[in-house]
Structures are given as C-alpha cells and as structure tokens.
Amino acid sequence: MNERQKNYREEYRSRIAGWYNGPVHVVVIYVIGLTALWLYARHLHVVQLWEWMTIPVFFVACNIFEWFLHLRIMHRPQRSKALRAIYNRHTLQHHQFFTDNEMRFRDHKDWRVTFFPPYALVVFILISIPGAVFLHFFISANVGWLFISTTTGIYLIYEFMHFCCH
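For what it's worth, this note's numbering labels the leading residue of the sequence shown as 0, then goes sequentially.
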C-alpha cells in the first residue's frame with residue numbers, strides 16, 4: 000500500500016462516527032431488503048411459467064443498468080447534485096480507500112466504505128416502483144411484483160458479492 004492510500008485510509012477512518020457498527024449496517028440493509036422481498040412475494044398469485052421467465056430478462060437488464068451506472072455515473076463527475084453525490088461516494092471515497100494494490104478491509108469499521116448506506120436500497124426500491132407499476136398495468140400484476148423482487152434481490156446479491164471481493 001502506498002503512502003497516499005495509507006494516509007487516505009487513516010483520514011477516512013478518523014471521520015467514521017464512534018457509534019458506527021459494521022455488522023449492524025449490514026443487518027439493516029438485509030432486514031430492509033428481505034422485508035421488502037417478503038412483502039412483494041405476498042402479492043404474487045398463481046404465477047404462470049411465462050411470468051417466471053421474466054426474471055432472467057430482468058436480471059440481465061439490471062446488470063446492464065448497473066454496468067451503465069458504473070460507466071456513466073459512478074466514474075464521471077456529474078452536474079446533478081444527487082448524481083455528483085454518487086460519484087463522490089464511489090470514485091472519490093471507495094476507489095481511494097480500496098485500490099488494486101489493497102482491496103482488503105481492516106475491520107468492521109471499514110465496512111462503512113464497503114457497503115452502500117442503507118438509504119441507498121430504499122432509493123433503489125423507489126426507482127424500481129415506476130417500472131413495477133408499468134409492468135403491473137400493461138403486462139400483469141405478477142410481472143410487476145417479479146420485476147421489483149428481481150431488482151431488490153440483485154441489490155442484495157450485489158452487496159454480498161462486492162463484500163466478498165474485499
């Protein structure tokens with residue numbers, strides 16, 4: 000690890016609130032996500048095979064969306080305040096803290112820069128609602144619920160896989 004990264008890590012760690020607890024951070028994310036998935040599942044009724052087959056389509060579309068978000072938003076400064084915040088968090092914090100030379104975290108306090116903040120999942124769910132409503136009315140209610148289930152599930156899978164990379 001070079002001196003610049005070492006200094007950045009120490010400076011970042013000094014700004015983490017004393018009450019921060021990495022495992023609680025993760026539990027909050029998964030309680031929100033799994034509760035949402037449970038609520039979505041309660042609305043599914045007699046799902047047809049063709050409706051189930053929309054999940055792989057949504058899965059691929061979500062991965063393309065994530066790739067696009069990384070390419071166009073997370074790694075390029077943006078004019079929009081909200082999009083600029085995503086860029087700052089991802090590129091200016093996460094990629095300064097973790098580099099190709101040092102991907103590991105020291106302890107659970109480093110999870111603060113590893114996982115998205117819990118509100119990000121709520122925002123992601125809110126962003127998924129218009130698509131779910133559209134699909135609900137123009138294809139079927141089940142497809143709408145499967146869409147939002149897939150987007151939420153992918154978010155949780157992404158968090159887990161990303162954690163495993165560190």
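Glycine is no exception: its CB is placed at the ideal position from the N, C-alpha and C atoms.
Item to complete: Starting from H161, follow the alpha helix (DSSP H) in both directions and report where the run begins and ends.
Response: According to the DSSP assignment, H161 belongs to the alpha helix (DSSP H) that extends over A140 to C164.
Worksheet item: Distance, Cα to Cα, A140 vs I124?
Response: So the two alpha carbons sit approximately 17 Å from each other.
Worksheet item: Is the beta carbon of I28 sitting closer than 7 Å to the one on P117?
Response: yes
Item to complete: Excluding the 5 residues preceding and the 5 following M0 in the sequence, name in chain order all residues of the same chain whose CB lies nearer than 7 Å to its CB.
Response: N100 and E101
Worksheet item: Are the beta-carbon atoms belonging to Y7 and R111 less than 7 Å from one another?
Response: no
Item to complete: Measure how close the beta-carbons of A60 and T151 come, nearest whole angstrom, since I'm counting them as under 8 Å.
Response: With a Cβ gap of about 14 Å, A60 and T151 do not count as contacting.
Fill in: Run of the alpha helix (DSSP H) containing P116, from where it starts to where it stops
Here P116 belongs to no alpha helix (DSSP H), and DSSP marks it neither H nor E.
Discussion item. Suppose the cutoff is 7 Å on Cβ atoms and the five residues either side in sequence are ignored; what does the same chain contact list for M73 look like?
Written reply: I85, Y86, H89 and T90
Item to complete: Drop a sphere of 10 angstroms on the beta-carbon of V142, count the other beta-carbons inside from all chains shown, and report buried for 16 or more, exposed for fewer.
Response: buried
Practice prompt. Check whether the Cβ atoms of G32 and L155 sit closer than 7 Å, and answer yes or no.
Written response: Yes, they are a contact pair.
Discussion item. With H, G and I counted as helix, E and B as strand and the rest as coil, what does DSSP make of D109?
Written reply: helix
Worksheet item: To the nearest whole angstrom, what separates the beta carbons of F96 and Y157, a pair I think is in contact under 8 Å?
Response: A Cβ-Cβ separation of about 18 Å leaves F96 out of contact with Y157 under the 8 Å criterion.
Practice prompt. Can you say whether I126 is buried or exposed, counting buried as having 16 or more other CB atoms within 10 angstroms of its CB?
Written response: exposed
Worksheet item: What separation, rounded to the nearest whole angstrom, lies between the Cα atoms of S13 and L43?
Response: 47 Å
Worksheet item: Nearest-angstrom Cα distance between F162 and F104?
Response: 10 Å
Worksheet item: How close, in whole Å, do the beta carbons of F114 and V25 come, if the pair is a contact with beta carbons under 8 Å?
Response: 6 Å
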